[in-house]
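Visitor: Next up is a structure, given as structure tokens.
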Amino acid sequence: MFEKSSKSYTDLLGKTNRIVEGTKIKGDIESVADFRLDGHLVGNFTSRGKLVIGPAGSVTGDIDAKNVDVEGKTEGKIVVDDVLNVKASATITGEVTCGKLSVEPGAKFTASCAMKTIPTPALPAHAEK
0 MFEKSSKSYT DLLGKTNRIV EGTKIKGDIE SVADFRLDGH LVGNFTSRGK
50 LVIGPAGSVT GDIDAKNVDV EGKTEGKIVV DDVLNVKASA TITGEVTCGK
100 LSVEPGAKFT ASCAMKTIPT PALPAHAEK
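Note that numbering that gives the first Met the number 0 numbers the sequence shown so that position 36 is 35, with each residue one more than the last.
Right, dumping it as structure tokens:
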């Protein structure tokens with residue numbers, strides 16, 4: 000009659016972790032859910048979800064996430080599995096590796112950038128003529 004849900008409590012509520020403006024954290028953050036940072040992080044950030052760095056937010060350290068939107072400042076190494084969105088108000092300094100990159104005009108992007116290669120599927124044998 001009742002089925003047990005395989006989703007986590009956070010997924011069911013659709014919640015996003017949030018660090019508000021004026022908060023400063025020294026240390027590493029690991030999260031499985033989406034995360035919004037409007038404060039300041041001095042340390043590394045790791046997530047399998049999406050990270051949004053708000054206009055007042057900053058990260059001094061490495062970032063490793065599935066998707067990242069930057070409106071604030073980052074300094075360090077950024078590794079994004081899917082899409083890195085760099086908004087006009089953003090300042091990025093360091094190294095970037097991402098699947099896809101979107102940079103709005105006005106952004107300060109002072110970084111080396113490497114795009115992840117997406118493996119192309121092998122062609123069927125009959126298509127190689």
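Note that beta-carbon positions come from the ideal geometry of N, C-alpha and C, so glycine has one too.
To the nearest whole angstrom, what separates the beta carbons of Ala106 and Val85, a pair I think is in contact under 8 Å?
Guide: Start at 1 with the first residue of the sequence shown, and residue 106 comes out as number 107. Start at 1 with the first residue of the sequence shown, and residue 85 comes out as number 86. Yes, they are in contact, since the Cβ atoms of Ala106 and Val85 sit about 5 Å apart, within 8 Å.
Visitor: Could you tell me the boundaries of the beta strand (DSSP E) in which Ser88 lies?
Guide: What you label residue 88 is simply residue 89 of the sequence shown in a count that begins at 1. It is not in any beta strand (DSSP E) - Ser88 carries neither H nor E in the DSSP assignment.
Visitor: Cα-Cα, which of Ala32, Leu50, Ala110 and Val31 is closest to Gly38?
Guide: On the sequence shown, residue 38 is found 39 positions in, with the first residue counted as 1. Checking every option, the nearest Cα to that of Gly38 belongs to Leu50.
Visitor: Take Glu74 as the anchor and find which of Val82, Phe44 and Thr15 has the nearest alpha-carbon.
Guide: One-based indexing of the sequence shown puts residue 74 at position 75. The option with the nearest alpha carbon to Glu74 is Phe44.
Visitor: Quick one: grab the DSSP three-state call for Thr96.
Guide: In the sequence shown, residue 96 corresponds to position 97, counting from 1. It is a strand residue.
Visitor: By the DSSP assignment, the beta strand (DSSP E) with Val69 in it spans what residues?
Guide: Reading the sequence shown from its first residue, position 70 is the one you call residue 69. Counting along the chain, the beta strand (DSSP E) containing Val69 begins and ends at Asn66 to Val69.
Visitor: Taking the C-alpha atoms as reference points, what is the distance between Gly26 and Ser57?
Guide: Taking the first residue of the sequence shown as position 1, residue 26 is located at position 27. Taking the first residue of the sequence shown as position 1, residue 57 is located at position 58. When rounded, the distance between both Cα atoms is 14 Å.
Visitor: Hey, how far is the Cα of Ile62 from the Cα of Ala89?
Guide: Here residue 62 refers to the residue found at position 63 of the sequence shown. Here residue 89 refers to the residue found at position 90 of the sequence shown. For Ile62 and Ala89, the distance between alpha carbons rounds to 15 Å.
Visitor: Can you tell me whether DSSP reads Arg47 as helix, strand or coil?
Guide: Numbered from 1 along the sequence shown, position 48 holds the residue referred to as residue 47. Coil, per DSSP.
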